[in-house]
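Novice: Mapping of the sequence shown onto the UniProt record's numbering: position 196 corresponds to residue 196, and the numbering continues sequentially without gaps. Ideal placement from N, C-alpha and C gives every residue a C-beta, glycine not left out. Have a look at this one before I ask anything.
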Amino acid sequence: MHIEKNVFDNIFSTIMDIKEKSKDNLNARKDFTIICNRLELQVDERRLNVIPKAVYTLTKGQRRKVCEWVKCLRFPNGYASNLSKCVDMMELRLHGMKSHDCHIFMQKLNPVAFWEMVPEHVWSALTEAILMFQLSWTRWSIFHHHLPYEARVGGPVQYRWMYPFERFLRELKKKVKNKAHVEVSTVEAYIIEEIGWFTSHYFHVTCKRHRPSRNDDLTRDHESIFHDIFDHPNCPSGALKKRYATGQERHMMEMYMLCNFEVVAPYYE
Numbered sequence: 001m002h003i004e005k006n007v008f009d010n011i012f013s014t015i016m017d018i019k020e021k022s023k024d025n026l027n028a029r030k031d032f033t034i035i036c037n038r039l040e041l042q043v044d045e046r047r048l049n050v051i052p053k054a055v056y057t058l059t060k061g062q063r064r065k066v067c068e069w070v071k072c073l074r075f076p077n078g079y080a081s082n083l084s085k086c087v088d089m090m091e092l093r094l095h096g097m098k099s100h101d102c103h104i105f106m107q108k109l110n111p112v113a114f115w116e117m118v119p120e121h122v123w124s125a126l127t128e129a130i131l132m133f134q135l136s137w138t139r140w141s142i143f144h145h146h147l148p149y150e151a152r153v154g155g156p157v158q159y160r161w162m163y164p165f166e167r168f169l170r171e172l173k174k175k176v177k178n179k180a181h182v183e184v185s186t187v188e189a190y191i192i193e194e195i196g197w198f199t200s201h202y203f204h205v206t207c208k209r210h211r212p213s214r215n216d217d218l219t220r221d222h223e224s225i226f227h228d229i230f231d232h233p234n235c236p237s238g239a240l241k242k243r244y245a246t247g248q249e250r251h252m253m254e255m256y257m258l259c260n261f262e263v264v265a266p267y268y269e
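What follows is the structure, given as structure tokens:
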């Protein structure tokens, strides 16, 4: 998971042309003279402060479009964190992304984010690198010849990767109140939380155990005319806006109902 985060940071910083984090720096351009025959990317020894722009870096306008797109993204409940908080529109970059955020962006959003913004051969190479992570689904090691055996023995990586343990360690760190006695402070807070969890089974009041999720819409009557295909935890957010659906959105809604609504199944079968 950490290697995937490092790869994402390197790729994203290079494409977004973030000077202090990009791997496309002066030393890399000097290596082109020795390793590659790419005259358009080589730097002039008389003007080392000028680095020619590469085809795989975005312009300022394209970087702004990517940041605006990320800022408007909305994910299903529990799928990913709120990436809009990581967008810096002043510097046109992303910051404060956790390992799971990089995992989601690397495997799901990278091909869409840079589609039609970089040349086709660059986009193809980027997609192949993402596909490599999607197909491997295993922990990386310098002993790469052990990976097939590890996949057979350990099974799917979802049951043995570090994301849940990292989240649990973060919860434990939040319980530390006395830094002089970290272990004792954590254990005491954990025991109190466990006692509160078990005693909540004997009280019919709102508590953490049966509190609805933050995106659960409690204003809807579940015995109303709505079908269960629309019964998902959700609630409106932001100011009320009114607009008409486009033809493509209308087509997507119709296809969703035709494919998931059992009542209309006899009519198209």
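Taking all protein chains shown into account, do 16 or more other C-beta atoms lie within 10 angstroms of the C-beta of Ala113, making it buried, or fewer, making it exposed?
Specialist: Position 113 of the sequence shown, counting from 1, holds the residue named residue 113. Its Cβ being crowded by 16 or more others within 10 Å, Ala113 is buried.
Novice: Using the C-alpha atoms, what's the distance from Glu68 back to Ile51?
Specialist: As a first step, residue 51 is located in the sequence shown; it is residue number 51 there, counting from the start. As a first step, residue 68 is located in the sequence shown; it is residue number 68 there, counting from the start. Taking the straight line from one Cα to the other gives about 27 Å.
Novice: Once the 5 residues before and after Glu223 are set aside, which same chain residues still bring their CB inside 6 Å of it?
Specialist: What you label residue 223 is simply residue 223 of the sequence shown in a count that begins at 1. Bear in mind that a pLDDT of 49 at Glu223, under 50, signals an unreliable position, so the number given afterwards is only what the model happens to contain. Within the same chain, no Cβ atom closer than 6 Å to the Cβ of Glu223 is found once the five residues on either side in sequence are excluded.
Novice: Taking the CB atoms as reference points, tell me whether Phe32 and Leu26 lie closer together than 8 Å.
Specialist: Mapped onto the sequence shown, residue 32 falls at position 32. Mapped onto the sequence shown, residue 26 falls at position 26. Taking a C-beta distance under 8 Å as the contact criterion, Phe32 and Leu26 do not qualify as a contact pair.
Novice: Can you have a look at Phe105 and say buried or exposed, based on whether 16 or more other CB atoms are within 10 angstroms of its CB?
Specialist: Here residue 105 is taken as the residue at index 105 of the sequence shown, counted from 1. Classification of Phe105: buried, given that the 10 Å Cβ count is 16 or more.
Novice: Between which two residues does the alpha helix (DSSP H) harbouring Arg250 extend?
Specialist: The residue labelled residue 250 in the question sits at position 250 within the sequence shown. Note, Arg250: alpha helix (DSSP H), Gly247 to Asn260.
Novice: Pull up the CB-CB distance for Leu73 and Cys86, whole angstroms please, since I reckon it's below 8 Å.
Specialist: In the sequence shown, residue 73 corresponds to position 73, counting from 1. In the sequence shown, residue 86 corresponds to position 86, counting from 1. That pair is no contact at about 11 Å.
Novice: Would you call the CB atoms of Thr54 and Asp101 closer than 8 Å?
Specialist: Working through the sequence shown from its first residue, we reach residue 54 at position 54. Working through the sequence shown from its first residue, we reach residue 101 at position 101. Looking at the sequence shown, residue 54 is not Thr but Ala. For Ala54 and Asp101, no; Cβs fall outside 8 Å.
Novice: Determine which residues share a DSSP beta bridge with Arg93 and list them.
Specialist: Along the sequence shown, read from residue 1 onward, the residue named residue 93 stands at position 93. Asp88.
Novice: Using CA atoms only, rank isn't needed, just tell me which of Ala180, Leu172 and Phe198 is closest to Ala189.
Specialist: On the sequence shown, position 189 is the one that residue 189 refers to. Residue Leu172 is the option with its Cα nearest to Ala189.
Novice: What residues in its chain sit with their C-beta under 6 Å from that of Ser13, if we drop five residues either side in the sequence?
Specialist: To locate residue 13, count along the sequence shown from 1; it is residue 13. If we look at Ser13 and ignore the five residues flanking it on each side, its Cβ neighbours are Lys21 and Ser22.
Novice: Can you tell me whether Val66 is buried or exposed, with buried defined as 16 or more other CB within 10 angstroms of its CB?
Specialist: Here the question's residue 66 lines up with position 66 in the sequence shown. That one is buried.
Novice: Count the other C-beta atoms from every protein chain shown that fall within 10 angstroms of the C-beta of Asp44, then say buried if there are 16 or more, exposed otherwise.
Specialist: Residue numbering aside, residue 44 sits at position 44 when the sequence shown is read from its first letter. Exposed, since its Cβ has fewer than 16 Cβ neighbours within 10 Å.
Novice: Output needed for Ser141: all residues of its chain with C-beta closer than 6 Å, excluding positions within five of it in sequence on either side, in chain order.
Specialist: The residue you call residue 141 lines up with position 141 of the sequence shown. Because Ser141 sits at a pLDDT of 44, beneath the cut-off of 50, its placement in the model cannot be relied upon, and the following sentence gives the value as read from the coordinates. Taken in chain order, the list of residues that qualify is empty.
Novice: Just the C-alpha distance for Phe75 and Arg47, rounded to the nearest angstrom, thanks.
Specialist: One-based indexing of the sequence shown puts residue 75 at position 75. One-based indexing of the sequence shown puts residue 47 at position 47. Rounded to whole angstroms, Phe75 to Arg47 spans 46 Å at the Cα level.
Novice: Assign Ile15 to one of two classes, buried (16 or more other C-beta atoms within 10 Å of its C-beta) or exposed (fewer than that).
Specialist: Locating residue 15 in the sequence shown gives position 15, counting from the first residue. Under this definition Ile15 is a buried residue.
Novice: Within the same chain, show all residues whose beta-carbon is closer than 6 Å to that of Asn110, passing over the 5 residues directly before and after it, in chain order.
Specialist: Reading the sequence shown from its first residue, position 110 is the one you call residue 110. Cβ neighbours of Asn110 beyond the five flanking positions: Ile130.
Novice: Would you call Arg63 buried or exposed, if buried means 16 or more other Cβ atoms sit within 10 Å of its Cβ?
Specialist: Numbered from its first residue, the sequence shown carries residue 63 at position 63. So Arg63 counts as buried.
Novice: I'd like the span of the alpha helix (DSSP H) that includes Ser185, first residue to last.
Specialist: Residue 185 sits at position 185 when you count from the first residue of the sequence shown. Element bounds for Ser185: Val182 to Thr199.
Novice: Shortest alpha-carbon distance to Asn82 belongs to which of Leu92, Phe8, Lys71 and Met89?
Specialist: Position 82 of the sequence shown, counted from the first residue, corresponds to residue 82. Of the candidates Leu92, Phe8, Lys71 and Met89, Lys71 places its Cα closest to the Cα of Asn82.
Novice: To the nearest angstrom, report how far apart Ile11 and Thr59 are at their CA atoms.
Specialist: Taking the first residue of the sequence shown as 1, we reach residue 11 at position 11. Taking the first residue of the sequence shown as 1, we reach residue 59 at position 59. If you take the alpha carbons of Ile11 and Thr59, they lie about 16 Å apart.
Novice: What do you get for Asp88, buried or exposed, if any count of 16 or more other CB atoms within 10 angstroms of its CB means buried?
Specialist: For the purposes of this step, residue 88 is taken as the residue at position 88 of the sequence shown. So Asp88 ends up on the exposed side.
Novice: I need the straight-line Cα distance from Tyr163 to Leu39, nearest angstrom please.
Specialist: In the sequence shown, the residue the question calls residue 163 occupies position 163. In the sequence shown, the residue the question calls residue 39 occupies position 39. If I take the Cα positions, the gap works out to 44 Å.
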